[in-house]
Amino acid sequence: MCKILFCLALSLIHFQALAVNVTQVSRYATVNNKPLPAQVNPLKSIQQVHFPSSIQTIGDAVNHWLSYSGYHLVPTDKQSPHLKQILKQPLPQVDRNLGPLSIENGLTVLVGQNLFSLKHDDLLREVNFTLIERRKG
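Under mature numbering (1 follows the signal peptide of the UniProt record, and there is no 0), residues -19 to -1, 1 to 118 are what the sequence shown spells out, in order.
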């Protein structure tokens, strides 16, 4: 009898410990008590943007794409000359409707996935791009 009571008490403690990690939101639905991946790393959040006609350059599009992420493009004194050149280019028509993509992927699409590598500083919430070294053939 003591063994049965002990096992019952142990199982109740176990179920209560599991219940701490879950919140019941309706009669049959529960959610985990942990942040979403996009809340932990905002650059992983998914968004879809139709750039308005006022967005004319790739630089304008990058700043608009980052506007709700909490991140910003590094100041111009930290940007490479190659990046400055790309950011001044007109936004291609094919990129006017962008997404659904993660913020990271959208940034690499805008500046050139095969040209630049995305670098980010999570402490300062800054993004920058470095030119990918081309292979000498």
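We put the beta carbon where it would ideally sit given N, CA and C, even for glycine.
Within 8 Å, strictly: CB atoms of residue i and residue j
i	j	result
L79	V90	yes
L82	V108	no
I36	H45	yes
V75	V43	no
L64	F97	yes
Buried versus exposed call for residue i [16 or more other C-beta atoms within 10 Å across all chains shown]
i	result
Y9	exposed
L105	exposed
L17	exposed
H101	buried
V30	buried
6 Å CB neighbourhood of residue i in its chain, flanking five on each side removed
i	result
S50	P23 and I84
L68	I39 and G40
Beta-carbon proximity list for residue i, same chain, < 7 Å, skipping 5 on both sides
i	result
K117	With a pLDDT of 40 at K117, under the threshold of 50, the modelled position of that residue is not reliable, and no figure is offered here.
H53	L47, R106 and E107
N13	N2 and V3
L99	E85, L88, T89, V108 and F110
Rounded separation between residue i and residue j - CA only
i	j	result
I(-16)	N2	27 Å
Q66	T111	13 Å
I27	M(-19)	56 Å
K15	V21	10 Å
R77	S7	40 Å
S61	N86	20 Å
A19	D103	14 Å
Opposing strand residues paired with residue i [DSSP bridges]
i	result
D102	E107
Spatial neighbours of residue i in its chain, beta-carbon cut-off 8 Å, leaving aside the 5 residues before and after
i	result
Q70	T38 and I39
Q5	T11
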